[in-house]
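**Q** Quick one: the structure is below, and I'll ask about it shortly.
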Amino acid sequence: MTHERETISGARGLDRDEPLSFEQDSPGRSGVDLPAVPDAPDRLGDLRRKDAIGLPGLAEPQVVRHFVRLSRMNYAIDYGLYPLGSCTMKHNPRLNERLARLPGIGDVHPMQPQSTTQGVLRLMSELAHWLTELTGMATVAMTPGAGAQGEMCGMMAIRAAHEARGEPRKRVLVPESAHGTNPATAAICGYEVDTIPATADGRVDMAAFEAKLGPDVAGLMLTNPNTCGLFERDIIRIAELIHGVGGYFYCDGANFNAIVGKVRPGDLGIDAMHINLHKTFSTPHGGGGPGSGPVVLSEALAPYAPLPKVVQRNGVYELVEQEDGPRVGRMKGFHGQFGMFVRALAYMQSHGRDGLKQVAEDAVLNANYVMAKLQDVLPPAYPGPCMHEVLVSDKGLDGTGVETMDLAKALIDEGYHPMTVYFPLIVHGAMLIEPTETETRQTLDDFIAVMRGLVGQAKAGEAEYFKEAPTMTPRRRLDETLAARKPVLRWVPEAPLADAAE
Amino acid sequence: MSNRKYTKEHEWVEVSGAEATIGISDYAQDQLGDVVYIDLPDVGQDVEKGAEAAVIESVKAASEVYAPASGQVTARNDALDDNPALVNESAEGDGWFYRMTLSDPSQLDDLMDADAYAKFLETLD
């Protein structure tokens, strides 16, 4: 180990901790000269500002440096491998960005007359077509603003379908291996959540599932591939069973990136599925958003799809915003995340059918490559090949004194964003690694070497380092427990010196 | 610790007179890690054996705490609101969750005593 040194400035090389802009306040300092406010009558009534606004006084270069310094503490897919399992942090092709900024697309307004937006309506119509084509479903609701809202939209359609039949139901079955948003969605739609346990190989326990079926079951919410990174091999039987009791089959399509072009969910008996455009179709993710979660629906649920929808009549595209029917109400004020639609369609069309199939194949191949190269030091939680992500438990760290969280923190010192940790909950000390299809073998080999090296160091008795990691960052290990127990949600100025002296 | 019993979901229950005190086991707190928040049932609330009675959140996970028997909540450990760390420090003592009446004390018959629970823990990873 080289000599560790505290710097005089506190900076760690070219990276430094950065105080809040409020802590850098120099009252009265400003980057711009504004004219004096004219004397005018106040028409704000009770909304009139009573206290000082409290913005910090800063010069322009201070503001610029503040945000550039903060951005240097960030980690991005444009910087390096981002193996955050269940999140699919994959490259955002620059072609998508270029097309989203074309004149007439980048500057279109949702209230423009439709005669001036035929091109963008056609684009929405084509994306909708390909989403239903790739999933084998009857229709798609394009507006949900993210995956979770897509889930809600799908579950509201299921609720509406039961109500239309005059038999509202109360229970929704959710396997343990489903995404955490699934039970939350069922609950917010007014359903009682009934959990189905997982088998020893990380899949739905079919006996437990069958035992829970009954005439009060509205549906099932299943994630496939599930959040253990495994394909639910009984999915067709699951669909038959849920339909057998008059329930509907909701599939969380967050992991569609592992099967796109290979399997059509409609062929598996699924009634509703949202698609996170960022995960399968490479739109920006994680603060680069916004999200977009179109939900595809089967014939049985299609009548309940919310408006608006784009239709074509006599060669003219039309945005239908009102129509009689038992539909779920609008999910958004306007027409969905159009900028994301452009990027997703660009991705689809630049890949083609064969390219999208290869996307799924490469995502699965990369995850299995990582699993194969790590399995002797970090054994997978479940046997057999995985899908697009590999789930390992903390067994490989047994007896070292190093825990999953410590390993994740050490990865930061090594220049990587850590994988997902402690999720899914059904695996002890879970680490969920999703390399995605966009990484080269060299990138994966480098990451694998780091992971193997860290496990080796843990086994060599360097637990003390791991407990302190990260050590090379401007901020060292944060006290996450204290942050959760006593969160400081708002900055307050320190008491002025005069008060303190008294 | 005479009549303390444990569930497979790692709750403990101890009957004293007409009331039972409920908490989570020391094993459970160790598995959860630092506890940051506990949502306890309200006094007067009816709970049902096997149904969710409380929620515990740690830095690692949020988990349901199930009622080991049916009955009505008579007291809640208010100290946990301000100091959830009590569960880590003393899961089976000061970190108790709530007290309740038992509508059918025989519901506790099939729970494990301390020895049986210790053996059960050995079967877990």
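Chains A and B supply the protein sequences, listed in that same order. Residues 981 to 1482 (the working numbering) are what the first sequence spells out, left to right. Residues 18 to 142 (the working numbering) are what the second sequence spells out, left to right. A virtual CB, placed ideally from N, CA and C, is assigned to each residue, including glycine. Note that the structure is a prediction, hence the values are computed from the model and not measured.
(1) I'd like to know if residue 1178 of chain A contacts chain B, where contact means its C-beta is closer than 7 Å to some C-beta of that chain.
(2) Could one say the Cβ of residue 25 of chain B lies closer than 7 Å to chain A's Cβ atoms, at least one of them?
(3) Please tell me whether residue 1230 of chain A and residue 1201 of chain A are closer than 7 Å, where the distance is taken between their beta carbons.
(4) Please report the Cβ distance between residue 1383 of chain A and residue 1430 of chain A, rounded to the nearest whole angstrom; I am assuming they are in contact, meaning their Cβ atoms lie under 8 Å.
(5) If we define contact as Cβ-Cβ less than 7 Å, is residue 1458 of chain A a contact residue for chain B?
(6) Just the C-alpha distance for residue 106 of chain B and residue 112 of chain B, rounded to the nearest angstrom, thanks.
(7) If the criterion is Cβ atoms closer than 7 Å, does the pair residue 1272 of chain A and residue 1251 of chain A meet it?
(8) Spatial neighbours of residue 1359 of chain A within its chain, please: C-beta separation below 8 Å, excluding the five flanking residues on both sides.
(9) Tell me which same chain residues have a C-beta within less than 8 Å of the C-beta of residue 1140 of chain A, skipping the five on either side of it?
(10) So with Cβ pairs under 7 Å, would you call residue 1165 of chain A a contact of chain B?
(11) Quick one: is residue 46 of chain B buried, meaning 16 or more other Cβ sit within 10 Å of its Cβ, or exposed?
(12) Measure the beta-carbon distance from residue 995 of chain A to residue 1286 of chain A and round it to whole angstroms, keeping in mind my assumption that it falls under 8 Å.
(13) How long is the line joining the alpha carbons of residue 1433 of chain A and residue 1440 of chain A, rounded to whole angstroms?
(14) Please decide whether residue 1151 of chain A counts as near chain B, where near means a Cβ-Cβ distance under 7 Å.
(15) If contacts are defined as beta-carbon pairs under 8 Å, then residue 1178 of chain A and residue 1406 of chain A qualify, I think. What distance do you get, rounded to the angstrom?
(16) Give the residues of chain A in contact with residue 77 of chain B, contact being defined as C-beta atoms less than 7 Å apart.
(17) Residue 992 of chain A and residue 1116 of chain A: beta carbons closer than 7 Å?
(18) Sorted by chain position, which residues of the same chain lie with C-beta nearer than 8 Å to residue 1421 of chain A's C-beta, five sequence neighbours on each side aside?
(19) Which residue's Cα is closest to the Cα of residue 1295 of chain A: A:1063, A:1086, A:1042 and A:1095?
(20) Using a C-beta to C-beta distance shorter than 7 Å, which residues of chain A count as neighbours of residue 101 of chain B?
(21) Excluding the 5 residues preceding and the 5 following residue 1211 of chain A in the sequence, name in chain order all residues of the same chain whose CB lies nearer than 6 Å to its CB.
(22) Looking at C-alpha atoms only, which residue of B:129, B:100 and B:132 is the closest neighbour of residue 75 of chain B?
(23) Buried or exposed, going by whether 16 or more other CB atoms sit within 10 Å of the CB of residue 95 of chain B?
(24) Taking a Cβ distance cut-off of 9 Å, strictly less, list which residues of the segment 35-57 of chain B are near chain A, in chain order.
(25) Going straight from the alpha carbon of residue 52 of chain B to that of residue 1019 of chain A, what length do you get?
(26) Buried or exposed for residue 1162 of chain A, going by 16 or more other Cβ atoms inside 10 Å?
(27) Just reading off the alpha helix (DSSP H) that residue 1349 of chain A is part of, what are its end residues?
(28) Suppose you measure from the CA of residue 1458 of chain A to the CA of residue 1385 of chain A; what does that come to, to the nearest Å?
(29) Give the residues of chain B in contact with residue 1420 of chain A, contact being defined as C-beta atoms less than 7 Å apart.
(30) Under three-state DSSP, which class holds residue 1420 of chain A?
(31) When DSSP labels each residue in this structure, what does residue 98 of chain B get in the three-state scheme?
(32) Output the residue ranges of the beta strand (DSSP E) runs that lie fully inside the segment 1369-1397 of chain A and measure 3 residues or longer, sorted by chain position.
(33) Please name the residue, chosen from A:1410, A:1037 and A:1025, that lies closest to residue 1003 of chain A on a Cα-to-Cα basis.
(34) Could you spell out the range, first to last residue, of the beta strand (DSSP E) harbouring residue 1298 of chain A?
(35) Give the secondary structure of residue 1252 of chain A by DSSP, where H, G and I count as helix, E and B as strand, and everything else as coil.
(36) Under 7 Å between the Cβ atoms of residue 1275 of chain A and residue 1254 of chain A?
**A** So, from the data block:
(1) no
(2) no
(3) yes
(4) With 8 Å as the limit, residue 1383 of chain A and residue 1430 of chain A do not qualify as a contact, their Cβ atoms being about 18 Å apart.
(5) no
(6) 8 Å
(7) no
(8) 1372, 1373, 1375 and 1376
(9) 1284, 1306, 1307 and 1308
(10) no
(11) buried
(12) 46 Å between Cβ atoms; not a contact.
(13) 10 Å
(14) no
(15) 6 Å
(16) 1402
(17) no
(18) 1349
(19) A:1095
(20) 1465
(21) 1205 and 1367
(22) B:100
(23) exposed
(24) 48, 50, 51, 52, 53 and 54
(25) 56 Å
(26) buried
(27) 1318-1354
(28) 12 Å
(29) Under the 7 Å cutoff, chain B gives no residues; its nearest Cβ is about 33 Å from residue 1420 of chain A.
(30) coil
(31) helix
(32) 1370-1372
(33) A:1037
(34) 1296-1300
(35) strand
(36) yes
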